[in-house]
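Chains as they are written, first to last, in our numbering: chain W, -4 to 390; chain D, -4 to 390; chain P, -4 to 390; chain Z, -4 to 390.
Just so you know, even glycine gets a beta-carbon here, dropped at the ideal spot from N, CA and C.
Number of protein chains: 4
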Amino acid sequence: MTHQHDTLSVGMVGHAFMGAAHSQAWRNAPRFFDLPLHLRMAAVAGRDEARVHEAATRLGWDTTETSWQALVAREDIDLVDVCTPGDTHAEIAIAALEAGKHVLCEKPLANTVEEAEAMVEAAERARAAGVRSMVGFTYRRVPAIGLARQLVADGRIGQVHHVRAQYLQDWIVDPEAPMSWRLDRSKAGSGALGDIGAHIVDLTQFITGDTIATVSGRLETFVKERPLPAEVHHGLAGSAAGGSGERGLVTVDDAAAFLAHFRGGALGVFEATRFANGRKNAIRIEVNGSRGSLAFDFEDMNVLHFFDGDDDSATAGFRRILATEPEHPYVAAWWPPGHLLGYEHGFTHQVVDLVTDIAAGNDPAPSFADGLQVQRVLAAVEASSQRNAWQDVPA
Amino acid sequence: MTHQHDTLSVGMVGHAFMGAAHSQAWRNAPRFFDLPLHLRMAAVAGRDEARVHEAATRLGWDTTETSWQALVAREDIDLVDVCTPGDTHAEIAIAALEAGKHVLCEKPLANTVEEAEAMVEAAERARAAGVRSMVGFTYRRVPAIGLARQLVADGRIGQVHHVRAQYLQDWIVDPEAPMSWRLDRSKAGSGALGDIGAHIVDLTQFITGDTIATVSGRLETFVKERPLPAEVHHGLAGSAAGGSGERGLVTVDDAAAFLAHFRGGALGVFEATRFANGRKNAIRIEVNGSRGSLAFDFEDMNVLHFFDGDDDSATAGFRRILATEPEHPYVAAWWPPGHLLGYEHGFTHQVVDLVTDIAAGNDPAPSFADGLQVQRVLAAVEASSQRNAWQDVPA
Amino acid sequence: MTHQHDTLSVGMVGHAFMGAAHSQAWRNAPRFFDLPLHLRMAAVAGRDEARVHEAATRLGWDTTETSWQALVAREDIDLVDVCTPGDTHAEIAIAALEAGKHVLCEKPLANTVEEAEAMVEAAERARAAGVRSMVGFTYRRVPAIGLARQLVADGRIGQVHHVRAQYLQDWIVDPEAPMSWRLDRSKAGSGALGDIGAHIVDLTQFITGDTIATVSGRLETFVKERPLPAEVHHGLAGSAAGGSGERGLVTVDDAAAFLAHFRGGALGVFEATRFANGRKNAIRIEVNGSRGSLAFDFEDMNVLHFFDGDDDSATAGFRRILATEPEHPYVAAWWPPGHLLGYEHGFTHQVVDLVTDIAAGNDPAPSFADGLQVQRVLAAVEASSQRNAWQDVPA
Amino acid sequence: MTHQHDTLSVGMVGHAFMGAAHSQAWRNAPRFFDLPLHLRMAAVAGRDEARVHEAATRLGWDTTETSWQALVAREDIDLVDVCTPGDTHAEIAIAALEAGKHVLCEKPLANTVEEAEAMVEAAERARAAGVRSMVGFTYRRVPAIGLARQLVADGRIGQVHHVRAQYLQDWIVDPEAPMSWRLDRSKAGSGALGDIGAHIVDLTQFITGDTIATVSGRLETFVKERPLPAEVHHGLAGSAAGGSGERGLVTVDDAAAFLAHFRGGALGVFEATRFANGRKNAIRIEVNGSRGSLAFDFEDMNVLHFFDGDDDSATAGFRRILATEPEHPYVAAWWPPGHLLGYEHGFTHQVVDLVTDIAAGNDPAPSFADGLQVQRVLAAVEASSQRNAWQDVPA
């Protein structure tokens, strides 16, 4: 809970890619938005003392801790921002909630449904004491995505018939790309499915305001073993058949695809892969409704394409909306029309929404329960792939 | 078989949309390509005498017949071009083959696997006598598609990991769009699946040189009954529950989606729909391989996008190849670079390839066996959808 | 004038690139459009007897002549279609008009303003006798261009402020590309300016319904001499300085650029070049008005982009209109929505419009006077470039 | 000059749009880049005490001043960042340089060539004492633009033949949009020409490594008087003819277009306008060379299109390079490939380059002399427009 002053003191656990992105957001949100609370970047925690010091200096945190437990225990911290790999989310977040800290937890909420369920329970217990929690699906905060959701909510595309979504990357298409923790099931939980598939599950549910009811999926691992980098010979999932110790087994999916039915009747087609050669971070979403359609591609993230079926047929066509107008979500705080935002701005908007909700005593979205629901969709895809059958997602 | 002269006399059955497209091809192929046989547009058959006369005049056929049987029986006809709805393909094509005529049959080869099998048998019997047969998957003859196949065959994209294909239309998204034979299972066999899904099955197999081994699919009918146009009250699949006689049951799928494994290991994701609001005839194909990628969209049909993974990473990017260079398939016969071809040119190229093979005594592709194989994929999708399970495609 | 029957007999002079495109149009127009006159492809004229015979057979003309004079003299010819290089247009067209033949003349109308003026005078004299004439700016007949003109005429973009147009090709960017008649001023009149610049002058005036009043231009010849192909050593503009006879002087512009004021107040920026590496036939036109904007690129010729300033600002954006709907100009005669047309279809539409006007006794557009006006713009650009000053275009 | 420690203390004058963008850069540069100097955001100056206090708090400046003179006089300031309108640049920058402060001055360098010349003289005098100066053409620091320059410098497009550049906005297309200081010649110097045309002059010269030698231009004011907002009745350029005092005269250009010759032989076509309906901030640059071409559009600012004429013609095509690879300028400091940067990142890169040069004792680019040269091009365009003639740019 927030102390009886108007400062929110933040402690962050982890300082790699996500830590840098979150720091940028905590640092910049108050510069562009009128926040109801003053932010203090109080502490960052990391296991290696030298590295966490360097990170604190570079990223702008006042102090450091070398264990997340120490950070969670600090009385001066109001909010814990969890930026570690998925296998540690549950333990840290639950401890923080129990210590009365608000929690922002990176996605995926956890590596298993069971962990996620425990986190939701902890969040609901804490909520009674005014403690807030949120899971970090930042792509929701891209203005073009927010506009998409508004248009659906306003009925501008009518009843949704089709949802198609792809998240395409290519960073391990080379079979000699080395093993990493992201390819190790014990650390990462899953591969493309949880890492990037989670985003398109969340985004399509967010945009349509609907949820996935049942899925038929397929996970694929194209390259089943990879060279071990010298320094990680020992933390990863065993060695290859030859026993030479030079290669590690890839224990997660390289790619995942699934069909889905949404509860409202839409037919979904999803694909997440790290093997789409030439596609670096292409999140593509298209939604077709009875009255219109929407299309988005993160490689051109400031643009939303909107087909308005009410336009007369001679002049109807997908409109290329540059979502940089003051009317578009979050945009008024930034630059004039036509001046593009980038990847990191979504994180800033996440901070804005979270801090606003904390100050107002509202529950932020997406909640841990929302994160759990995404997790259940992912688990259903995995089960479906194993069982070669459709799998329901618990409501 | 071809008579002992160098003229190929063609008789066409049906003169609606496909009949017009085929006529355009027979008429124009010799104007741009050096064909080994002289073409004669000898006869067109249709049931209504007045209408077939009008069609013959408009489309450029020398004579008319009011039954396909009469056309097939004519001694002066060397080749029968079947442009009727799918429920009549088997009967006409088999009769023509048995009469010693070469056959070009529109896709889908037939409405059922059984019919298609019978057609393949007839084609193989006729082949012994030098009679040729071909099924009309014309999109193969779009130059950008031919280029895509060449690049795969040349190894330019390496081993194929991903195939994603969509065929998107929107012509019945309005729930008050009326019933038609295309929505009646007894005439059309299936809906989006057979009508347009067949094309992306054929195209992706053609481009990759691979075949689909197993599928998990879902058929969907979003609008289950539709107003009957006055004139067809009686020919269609019964009337709606109310018994008023004003609405007919839609007995085919509005949309189909399926996952697939190719025999070579690629993961496929397919979608065909008539409910993609704002997409008129969007055939989109993307293929990701270990060495590169390809992407195509029929709404920009003269373009192939090619990512060459061998380019250095600072200057690599999808190349927008305008497939209008003389080096590209079929293009040298037409206009200078940058002067676009259209939808109908694929039909002309089909005539060129067919006539060339007939004259050379080669088997044209795609053969009836190829058409049957596509049919088997479609049947497997349908069975999978009914059984809620993966379904193998017989080899 | 048209004889007292309902057949229009056509004679074509020239059978190269333009001859092939025109033949395709004469052959196909009646297959898709209900024409008020029956067309007969009566004769084609060319100087080389063997080649003109081959062309007649290939392109579908009934008879041949080895001089245009013979063709013009034939009583059975109603219309002369002039498809020769620009230096012969005036002589042929005037003779044909004086012989009472309707004339379709390829663009540019002539190589000089003086010739074009004589042609206009001849056309006006002949008009009194019901003889029609038209200049062949076929790009006007691309459906997306026709739609653009309609939208301007309907006031959908308001008052026009900006016109920007580029015609980009690259076929002589290689300095070792050989000399040809198109690089010889005595044959071609000018280079990029007249060959392709003429098109964007006509198109922008057609779309806006306005005319160019004054220009400031610059012609550029980047490569001033080129290798002579063996067979043309003697017909071209002299030999290079060295006297070796191996290189010829390029006597036309490689590129032309000019600023323009339209009479209605719009500011125009034009560029035509054969040196835009990678651009094969890119005709790009953008028009900005007080109420909206239009954009077109021939490399995606079935599409018109339309910005409707009346859309609310949150959902405004350039609409990608696929100009393949039945409501769009010429389209209803062809294929269903989403089935693209190509380069050659503009020529077919030109035949349709011309024949319709002839039958109705109307004056076709663009008239010879329209062709002369374009010529005057080009001449003003050339004079401006020589004089380094703005140059008015006579009204 | 820099004090004998490793901190660079920055003072900024002005805190509107540019002040916010510069503040964001000063704040974030050290978070992502290893800078050789520690940055201190020491002071911001503005005339209104309340507003400058609010700005300092919001933008992150330690202290405030209510006059630029006070800021320049402060001993603890090492660098003055000039973010005011153009009519004050000369006075502030010259005073700062004379006080021994490094200067970063927003573009355009000044409102007149005379002022710019005085600034260059001051910069050169100060340079002898180790004081550095730079003009803020930030678009140079967009990674895709940096890549473009590299490719030209590496000879990848060969000899440059064509440069075409447009800067298109639409914020005053509504004739009832009110007067502002940007439409008042006494404050802004010029309109579209100096405000946005300056950018495309700088960018094209930067990318090509060449300079403009001579121009033929045209300035246009479509809407010659506009409503005066109540609060500015008295500061602007007089009242409209009617004398009612309700409208002010627009004394700058709404749009500017010009042809140009570069010293290296390229032909340039430029256009800058605030009347391109639907275009918000579209900076489009295309460069065609003997060996390849480049194309850029700021509305898709992370992308550079590159045509490599060395590719074989069957697979050549404009490559859509997503300039987010570590090999691309500035990118390695930010996010993984495919994670886009935005408008503001160019300002951060500008800080990085400037601070690096200051620490190393190098002259930053673009220098005040570079800014003056751009000013001379703009002045030549204006003179050309007035004189209706080509105008040379002094070397």
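If you follow the alpha helix (DSSP H) that D/T52 is in, where does it begin and where does it stop? For the purposes of this step, residue 52 of chain D is taken as the residue at position 57 of the second sequence. For D/T52, the enclosing alpha helix (DSSP H) covers residues E44 to L54.
Proximity test, Cβ basis, 8 Å: D/S175 and chain W: Position 180 of the second sequence, counted from the first residue, corresponds to residue 175 of chain D. No, no contact with chain W.
For the stretch 329 to 352 of chain D, list every residue whose C-beta sits within 9 Å of some C-beta in chain P, in sequence order. Those residues of the stretch 329 to 352 of chain D placed with their C-beta closer than 9 Å to a C-beta in chain P are W329, W330, P331, P332, G333, H334, L335, L336, G337, Y338, E339 and H340, ordered along the chain.
Answer with yes or no whether the minimum CB distance from Z/L289 to chain D is below 8 Å. Residue mapping note: residue 289 of chain Z aligns to position 294 of the fourth sequence, counting from 1. Cβ-Cβ to chain D under 8 Å: no for Z/L289.
Go through its chain and collect everything with a Cβ distance to Z/A139's Cβ below 7 Å, but skip five positions before and after it. Walking along the fourth sequence from the start, residue 139 of chain Z turns up at place 144. When the five nearest sequence neighbours on each side are left out, the beta carbons in the same chain lying within less than 7 Å of the beta carbon of Z/A139 are those of F291, M296, N297, V298, L299 and A318, in order along the chain.
Any idea if Z/K219 is buried or exposed, counting beta-carbon neighbours within 10 angstroms, 16 or more meaning buried? Position 224 of the fourth sequence, counted from the first residue, corresponds to residue 219 of chain Z. Under this definition Z/K219 is an exposed residue.
Determine whether the Cβ of W/S285 lies closer than 8 Å to any Cβ atom of chain P. Residue 285 of chain W sits at position 290 when you count from the first residue of the first sequence. Cβ-Cβ to chain P under 8 Å: no for W/S285.
State buried or exposed for D/S379, treating a residue as buried only when at least 16 other CB atoms are found within 10 Å of its CB. In the second sequence, counting from the first residue as 1, residue 379 of chain D sits at position 384. A residue is called buried when at least 16 other Cβ atoms come within 10 angstroms of its Cβ; D/S379 meets this threshold and is buried.
Close beta carbons around W/E377, own chain, < 8 Å, minus the five adjacent residues each side: Walking along the first sequence from the start, residue 377 of chain W turns up at place 382. Cβ within range, chain order: S185, L188, G212 and L214.
Per the DSSP calculation, Z/F301 is bridged to which residue(s)? In the fourth sequence, the residue the question calls residue 301 of chain Z occupies position 306. Z/L289 and Z/R314, per the DSSP bridge assignment.
Whole alpha helix (DSSP H) runs in the stretch 81 to 148 of chain D with 4 or more residues, listed along the chain? As far as the stretch 81 to 148 of chain D is concerned, its whole alpha helix (DSSP H) runs of at least 4 residues are 84 to 93, 108 to 122 and 138 to 148.
So what does D/D76 bridge to, in DSSP terms? For the purposes of this step, residue 76 of chain D is taken as residue 81 along the second sequence, with counting starting at 1. Per DSSP, D/M7 and D/L99.
Given the structure, does P/L367 come close to the ligand ATP, in the sense that its CB is under 7 Å from one of the ligand's heavy atoms? In the structure on display, the ligand ATP does not appear, and there are no ligands present to speak of.
When the Cα atoms are used, what is the spatial distance from Z/A94 to Z/A123? In the fourth sequence, residue 94 of chain Z corresponds to position 99, counting from 1. In the fourth sequence, residue 123 of chain Z corresponds to position 128, counting from 1. Roughly 13 Å between the two C-alpha positions.
Which residue's Cα is closest to the Cα of P/A15: P/E339, P/D348 and P/V369? Numbered from its first residue, the third sequence carries residue 15 of chain P at position 20. Distances from the alpha-carbon of P/A15 to those of P/E339, P/D348 and P/V369 put P/E339 closest.
Counting C-beta neighbours from all protein chains within 10 Å, is the total for P/T52 16 or more, i.e. buried, or is it exposed? Numbered from its first residue, the third sequence carries residue 52 of chain P at position 57. Of the other Cβ atoms in all chains shown, fewer than 16 fall within 10 Å of the Cβ of P/T52; this residue is therefore exposed.
Per-residue burial, W/A271 [other beta carbons within 10 Å of its own, 16 or more giving buried]: Against the first sequence, residue 271 of chain W aligns to sequence position 276. W/A271 should be labelled buried.
Closer than 8 Å, CB to CB, is D/W166 near chain W or not? For the purposes of this step, residue 166 of chain D is taken as the residue at position 171 of the second sequence. Interface with chain W (8 Å Cβ-Cβ cutoff): D/W166 is excluded.
Check each candidate in P/A390, P/D179 and P/L367 and name the one with the smallest Cα separation from P/L223. On the third sequence, residue 223 of chain P is found 228 positions in, with the first residue counted as 1. Checking every option, the nearest Cα to that of P/L223 belongs to P/D179.
Under 8 Å between beta-carbons, which chain Z residues line up against D/F28? List them in chain order, please. Residue mapping note: residue 28 of chain D aligns to position 33 of the second sequence, counting from 1. Contact annotation for D/F28 against chain Z: no contact, minimum CB-CB distance about 20 Å [criterion: below 8 Å].
Between D/I195 and chain Z, is the shortest Cβ-Cβ distance under 8 Å, so that the two count as touching? Numbered from 1 along the second sequence, position 200 holds the residue referred to as residue 195 of chain D. Among the CB atoms of chain Z, none fall inside 8 Å of the CB of D/I195.
Compile a chain-ordered list of the residues in the stretch 251 to 268 of chain D whose CB is closer than 7 Å to at least one CB of chain W. Residues passing the 7 Å Cβ filter: A252, L254, L262, V264, E266 and T268.
For D/A277, which residues in chain B fall below 8 Å Cβ to Cβ? The structure shown contains no chain B; its protein chains are W, D, P and Z.
So what does DSSP say about W/F217, is it helix, strand or coil? Here residue 217 of chain W corresponds to residue number 222 of the first sequence, with the count starting at 1. Secondary structure at W/F217: coil, using DSSP grouped into helix, strand and coil.
Return the chain-ordered list of same chain residues with a C-beta closer than 8 Å to the C-beta of W/R35, the five sequence neighbours on each side being excluded. Here the question's residue 35 of chain W lines up with position 40 in the first sequence. T2, L3, S4, V5 and D57, listed in sequence order.
With a Cβ-Cβ cutoff of 8 Å, do D/F217 and D/A20 count as a contact? On the second sequence, residue 217 of chain D is found 222 positions in, with the first residue counted as 1. On the second sequence, residue 20 of chain D is found 25 positions in, with the first residue counted as 1. It is not a contact, given that the beta carbons lie outside the stated cut-off.
Compute the distance between the beta-carbons of Z/T199 and Z/A160, then report whether it is under 8 Å. Position 204 of the fourth sequence holds residue 199 of chain Z. Position 165 of the fourth sequence holds residue 160 of chain Z. Yes, the pair counts as a contact, with Cβ atoms nearer than the cut-off.
For the stretch 311 to 325 of chain D, enumerate the residues whose C-beta is nearer than 8 Å to any C-beta of chain Z, in chain order. Within the stretch 311 to 325 of chain D, the residues whose Cβ lies closer than 8 Å to some Cβ of chain Z are A311, G312, F313, R314, R315, I316, L317, E320, E322 and H323, listed in chain order.
Go through its chain and collect everything with a Cβ distance to P/P361's Cβ below 6 Å, but skip five positions before and after it. Numbered from its first residue, the third sequence carries residue 361 of chain P at position 366. When the five nearest sequence neighbours on each side are left out, the beta carbons in the same chain lying within less than 6 Å of the beta carbon of P/P361 are those of V130 and F132, in order along the chain.
Taking only the alpha-carbon atoms, compute the straight-line gap between W/S288 and W/L146 and give it to the nearest angstrom. Along the first sequence, read from residue 1 onward, the residue named residue 288 of chain W stands at position 293. Along the first sequence, read from residue 1 onward, the residue named residue 146 of chain W stands at position 151. Rounded to the nearest angstrom, the gap between the Cα atoms of W/S288 and W/L146 is 10 Å.
Using a C-beta cutoff of 8 Å, does W/G409 count as contacting chain Z? The requested residue 409 of chain W is not part of the displayed model; chain W covers only -4 to 390.
Leaving aside the five residues before and after P/L335 along the sequence, list all residues of the same chain whose C-beta is less than 6 Å from its C-beta, in chain order. In the third sequence, counting from the first residue as 1, residue 335 of chain P sits at position 340. Excluding sequence neighbours, P/L335 sits near N297.
Taking the continuous alpha helix (DSSP H) assigned at W/H334, which residues delimit it? Reading the first sequence from its first residue, position 339 is the one you call residue 334 of chain W. Premise fails: W/H334 is in no alpha helix (DSSP H) and is neither H nor E.
For P/Y162: DSSP bridge partner residues: The residue labelled residue 162 of chain P in the question sits at position 167 within the third sequence. Partner(s): P/A267 and P/I278.
Could you tell me if D/P170 is buried or exposed, where buried requires 16 or more neighbouring beta carbons within 10 angstroms of its beta carbon? Within the second sequence, the letter at position 175 stands for residue 170 of chain D. Answer is exposed; the Cβ neighbour count stays below 16.
Starting from the C-beta of D/G55, find all residues in its chain whose C-beta is less than 7 Å away, skip the five residues before and the five after it, and write them out in chain order. Here residue 55 of chain D refers to the residue found at position 60 of the second sequence. Non-local beta-carbon contacts of D/G55 in its own chain, meaning distances under 7 Å to residues more than five positions away in sequence, involve S18, R22 and M36 in chain order.
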